[in-house]
Amino acid sequence: MQKLLSASFALAMAVPLCATAQSQPNSISIQNLRQEIDAMRQDYETRIKAMEIRLEVAEHAAAVNASAPQVAATSNPSQPSATAETPMSNANAFNPAMSLVLSGLYASTSVDPANYNIAGFQLSKVSGAGPGSRGFNLTESELGFSANIDPWLRGAANISLHSDDSVSVEEAYIQSTSLGNGVTAKAGRFLSGIGYLNSHHSHTWDFVDSPLAYQALLGTQYGDDGIQISWLPPTDQYIELGFELGRGKSFPGSNTGRNGASMSALTLHTGGDVGESHSWRAGVSLLGAQANDLLLDNLNGSGTLVTSAFTGNTKVWIVDGVWKWAPNGNVKQTNFKLQGEYISSARSGQLSYDVTGVNTSDGYVANQSGWYLQGVYQFMPEWRVGLRTEQLDAGSPNSGINSTALLGTGYRPSKDSVMLDYNPSEFSRVRLQLSQDRARENQTDNQLFLQYQMSLGAHGAHGY
């Protein structure tokens, strides 16, 4: 721009100079020429200054417009927005987008869901494992708020409304928008980026419930209070590295009362496209958590439900993979998604067995694992069908003097599910799911679920 203006300035000066010299060479003095040049220079400087001011205003407006749609379109600022904001919405760029996801469920089970347990596994007393209550229930509904705070930060909160009329804060965090170099920082309460399913809100799941491996080893879904740093290096191949530090209050951790962090996590994900119709993502994650008197429920050798307290460390490894197919990238008509994860947990420390009874304490070491594999096929624009199979391995925990009471049988809990859902629009869904749950030894629980999910208001696009 400056070169163009300089050339225009020189040309504008040359034209009147030549014309004056040729037509009236003796009538214009050198002083008059200098005055004309000075006047033209001031005029051009004034115009350039005005254009620079207009450029600054335009750049600032563009920066606001570029960041504002991320709030409405995606929960990850590193992902591009699918829509552009019109100039008329600039005045509302920093107003919060609000949404409400309503969810209800009818559940029928052949085995009483009270005192649900997974054979060989000690479950958190607040994990929410199992099919929930029989009959009609208002399941977890979600109230969401999100907005840009300023050109550098955005904020978001997701409030969960539970069927027992209780309210909890699922997420409430601030997130950077302009650190640059592919770096994004988050602070507050958030769902961890480990694995694949963990960071997805429950209303985006392809099945009514989370896999048994998540229920047994991560307390259904792991979230914490802390900080998260993610980095997208400037490579042709999609690569994302993540690091988290947190309070560690969620299962498999607990409130330890420490000043420092009691949870840390490392994540690595990579992926890409294969032609126009295929895409994939794979990753590996490591979660480390500390616990202090973490209350756990399990069945002892005689089949009695007892509560124990664990103090120690837990490391959880996750390997995840997702492959998606859509003809020429068009997901509207038909598409297919294959998804799976393997989770391995290593726990070591002290276990106080049956804290309300014998209350005997000794060392405890347990290596347990689980996996699931599911496929979901959209065979028509509004209809999808899915199948999920899963299994757990309780291993052979060593609990010292409590080994006799906690001796396992080698039973491997498993579950198979099939679902069919109807999606009249992107804001509504009705789902039917049938499951055979063999989490409890020698008992097959035949489950039927009928679920509805409705989204009201501006709800952001979901991750891959």
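Residues in the sequence shown are numbered consecutively from 859, following the working numbering.
All C-beta atoms in this analysis are idealised placements derived from N, C-alpha and C, irrespective of residue type, glycine included.
Enumerate in chain order the residues of its own chain whose CB-to-CB distance from residue i is below 8 Å, with the five nearest sequence positions on each side excluded.
i, result
"residue 1063", "1055"
"residue 974", "987, 988, 989, 1297, 1298"
"residue 1097", "1090, 1091, 1126, 1127, 1128"
"residue 1132", "1138"
Within its chain, find whatever has a CB closer than 7 Å to the CB of residue i; leave out the 5 residues flanking it on each side and keep chain order.
i, result
"residue 946", "Per-residue confidence for residue 946 stands at a pLDDT of 40, beneath the threshold of 50, marking its modelled position as unreliable; no derived number is given."
"residue 1021", "995, 996, 997"
"residue 1224", "1205, 1253, 1255"
"residue 1214", "1165"
"residue 1262", "1159"
"residue 1239", "1190, 1191"
"residue 1260", "1209, 1211, 1218, 1220"
"residue 1095", "1128, 1130"
Excluding the 5 residues preceding and the 5 following residue i in the sequence, name in chain order all residues of the same chain whose CB lies nearer than 6 Å to its CB.
i, result
"residue 1073", "987"
"residue 1236", "1192, 1193, 1242"
"residue 969", "1301, 1303"
"residue 1066", "1291, 1307, 1309"
"residue 1311", "961, 1061, 1287"
"residue 1317", "957"
"residue 1266", "978, 1252"
"residue 982", "1077, 1109"
Using 8 Å for Cβ pairs, my map puts residue i next to residue j. What's the rounded Cβ distance?
i, j, result
"residue 1173", "residue 1144", "7 Å"
"residue 959", "residue 1313", "5 Å"
"residue 1187", "residue 1135", "7 Å"
"residue 1179", "residue 1198", "6 Å"
"residue 1148", "residue 1171", "6 Å"
"residue 1233", "residue 1245", "6 Å"
"residue 1154", "residue 1168", "6 Å"
"residue 1088", "residue 1042", "5 Å"
Check residue i in the structure and name its three-state DSSP category.
i, result
"residue 893", "helix"
"residue 1055", "coil"
"residue 1070", "helix"
"residue 1127", "strand"
"residue 992", "coil"
"residue 1261", "coil"
"residue 843", "Absent from the structure is residue 843, since the part of the chain shown begins at 859 and ends at 1322."
"residue 1301", "coil"
"residue 900", "helix"
"residue 1103", "strand"
"residue 1116", "coil"
"residue 940", "Residue confidence is low: residue 940 scores 36 on pLDDT, short of 50, so the model does not pin down where it sits. Its coordinate-derived value is still stated next. In the structure shown, residue 940 sits in coil (DSSP, three-state: anything other than H, G, I, E or B)."
"residue 934", "Because the pLDDT at residue 934 is just 41, under 50, the model does not fix this residue reliably, and the value given afterwards should be weighed accordingly. It is coil, neither helix nor strand."
Residue ranges of each beta strand (DSSP E) within the region 1137-1217, 3 or longer: 1163-1183, 1193-1211
Contact between the region 1040-1054 and the region 1261-1281 (3+ Cβ pairs under 8 Å): no
Beta strand (DSSP E) runs contained entirely in the region 948-976, provided each spans 3 or more residues: 955-967
Touch test, the region 1021-1038 against the region 999-1011, Cβ-Cβ under 8 Å, three pairs minimum: yes
Complete beta strand (DSSP E) runs within the region 1267-1303 (minimum length 3 residues, chain order): Whole beta strand (DSSP E) segments, 3+ residues: 1272-1283, 1286-1296.
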